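In the working numbering, the protein residues as written are 6 to 446.
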């Protein structure tokens with residue numbers, strides 16, 4: 006250690022992320038910290054291709070801890086020009102030492118996280134820049150925004166979200182994606198028990214709620230153009246004064262950048278009070294493997310949400326290409342939804358006619374399964390009335406069916422009322438936008 010440099014004593018319970026802290030001769034500060042799977046449990050829940058990554062938001066929490074310890078009278082109002090330049094990975098689950106440097110000015114600071122480059126198994130003098138940010142101090146303001154209306158049926162529930170995202174339970178911070186249209190509306194309900202499972206006494210910048218925003222906007226990009234994104238840059242991350250807990254995430258896509266998307270987002274309370282606002286949040290693409298089937302399932306649900314579903318009725322949307330792919334791999338699947346009598350009739354028609362009626366029958370059977378609350382689709386036999394309209398009589402119940410084809414999708418409505426029309430409740434432009442995305446994939 007050089008002259009005029011000295012170590013500071015840090016309470017590890019109050020400041021678990023700082024590690025050893027040194028005041029440098031130039032009045033800057035350096036923290037050295039070894040990340041391990043055992044001591045930093047969240048790393049085991051933030052794996053991509055089975056490699057643990059330090060979440061970008063936890064890097065910002067590192068910076069916030071240093072500010073709180075070194076200048077407790079200061080309040081962070083903004084992170085600016087944030088860059089997650091190079092991921093911090095724990096290769097083969099091995100410990101990784103990182104260094105955090107922070108330099109203070111009167112009302113601001115600059116902070117970076119770096120590590121020593123390892124070549125051929127040996128530590129070199131070369132450093133790699135991982136995260137960086139400018140930090141502004143001051144007094145937090147208040148801001149309230151108008152909330153977009155919630156859909157009764159969310160686009161993605163928590164289970165579906167984490168079928169897509171590889172995050173482990175400690176980072177299951179999204180409750181639902183309510184809808185994605187011109188904007189995204191998501192919900193993040195974080196319980197105290199979930200926070201305590203991290204074994205941290207206190208978080209300073211609401212990192213789990215901000216992580217929920219990162220995940221939500223990454224999903225918006227995934228659904229919009231089929232690429233999954235991790236945080237790359239943030240122009241500004243602004244904090245506001247509020248006494249209520251964050252609940253909604255509202256985001257807007259502004260465009261595309263190289264290998265990613267560009268967004269703004271707001272983390273707000275149930276009453277619309279802004280907790281955190283991000284301007285120019287950028288993602289960078291990461292490979293999640295084959296995702297075509299997941300995207301088709303989401304697209305089908307997006308289309309369903311644009312239509313009016315009357316009481317005692319159900320609308321089902323089937324992706325023709327997904328069904329065709331499944332039948333090519335599992336020809337026997339046809340027996341899972343066709344009634345035995347339908348199979349014998351089905352075998353009498355040519356292949357072209359079969360390909361036409363299969364999606365209609367499958368969509369109708371799926372809709373019937375919901376309305377009749379019965380698991381086995383092959384129990385239902387669909388008949389035609391004197392006008393050629395489909396219906397199903399099942400255990401003294403008469404169900405009427407309506408079908409409609411839209412590009413590569415088949416829609417079927419099952420209802421206790423005769424001839425219920427399949428009608429859009431939203432702007433037709435939204436439907437065209439979804440279909441256009443599908444056709445360009």
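By construction, the Cβ of each residue, glycine as well, lies at the ideal position given by its N, Cα and C atoms.
On a predicted model such as this, the values are computed, not experimentally measured, just so you know.
I'd like the span of the beta strand (DSSP E) that includes residue i, first residue to last.
i	result
residue 38	34-40
residue 115	113-124
residue 140	127-142
residue 395	395-399
residue 85	81-89
residue 290	279-291
residue 190	188-192
residue 311	Counting along the chain, residue 311 falls outside any beta strand (DSSP E), and DSSP gives it neither H nor E.
residue 149	No beta strand (DSSP E) contains residue 149, which DSSP labels as neither H nor E.
residue 26	25-28
residue 185	181-185
Closest to residue i by C-alpha separation, out of the options, would be which residue?
i	options	result
residue 216	373, 346 and 62	62
residue 194	275, 157 and 239	275
residue 406	368, 121 and 414	368
residue 123	109, 100, 114 and 116	100
residue 153	290, 130, 192 and 142	192
residue 225	254, 370 and 214	254
residue 32	106, 20 and 132	106
residue 308	299, 298, 316 and 320	320
residue 71	44, 38 and 60	38
residue 128	420, 140, 103 and 116	103
residue 180	165, 292 and 300	165
Can you look up residue i in the DSSP assignment and give me helix, strand or coil?
i	result
residue 444	Only weak support is given to the placement of residue 444: the predicted model assigns it a pLDDT of 44, under 50, and the value that follows is read from those uncertain coordinates. Helix.
residue 414	strand
residue 334	helix
residue 69	helix
residue 62	helix
residue 261	strand
residue 94	strand
residue 302	helix
residue 8	Confidence in residue 8 is poor, its pLDDT being 49 and thus under 50, which makes the residue's placement unreliable; the coordinate value appears in the next sentence. Coil, per DSSP.
residue 160	coil
residue 46	helix
residue 390	coil
residue 252	coil
residue 5	Residue 5 lies beyond the range of the chain shown here (6 to 446); nothing can be said about it.
residue 307	helix
residue 406	strand
residue 201	Confidence at residue 201 is low in this model, with a pLDDT of 47, below 50, so its placement is unreliable and the value that follows should be read with caution. DSSP places residue 201 in helix when its eight states are reduced to three.
residue 315	coil
residue 340	helix
residue 267	strand
Residue i and residue j look like a contact to me (Cβ under 8 Å); what is the Cβ gap, rounded to whole Å?
i	j	result
residue 150	residue 271	6 Å
residue 268	residue 256	5 Å
residue 373	residue 339	About 16 Å separates the two Cβ atoms, so there is no contact after all.
residue 458	residue 69	Residue coverage of the chain in this structure runs from 6 to 446, which leaves residue 458 outside it and unanswerable.
residue 386	residue 346	6 Å
residue 414	residue 305	7 Å
residue 74	residue 20	5 Å
residue 34	residue 40	With 8 Å as the limit, residue 34 and residue 40 do not qualify as a contact, their Cβ atoms being about 19 Å apart.
residue 234	residue 265	5 Å
residue 138	residue 84	5 Å
residue 236	residue 50	Between residue 50 and residue 236 the Cβ distance is about 16 Å, and since that is not below 8 Å, they are no contact.
residue 177	residue 163	7 Å
residue 147	residue 79	At roughly 20 Å, the Cβ-Cβ gap does not stay under 8 Å, so residue 147 and residue 79 are not in contact.
Can you tell me where the alpha helix (DSSP H) holding residue i begins and where it ends?
i	result
residue 367	356-377
residue 244	Element bounds for residue 244: not the alpha helix (DSSP H) but the beta strand (DSSP E), 233-244.
residue 16	First-last for residue 16: undefined, no H or E at that position.
residue 214	212-230
residue 163	163-169
residue 324	No alpha helix (DSSP H) contains residue 324, which is instead part of the beta strand (DSSP E) from 318-324.
residue 348	345-351
Report buried or exposed for residue i, applying the criterion of at least 16 other Cβ atoms within 10 angstroms of its Cβ.
i	result
residue 375	exposed
residue 423	exposed
residue 30	exposed
residue 341	exposed
residue 118	buried
residue 183	buried
residue 91	exposed
residue 258	buried
residue 212	buried
residue 159	buried
residue 60	buried
residue 354	exposed
Can residue i be considered in contact with the ligand PLP, in the sense that its beta carbon sits closer than 7 Å to one or more heavy atoms?
i	result
residue 104	Ligands in the displayed structure: none, and consequently the ligand PLP is not present.
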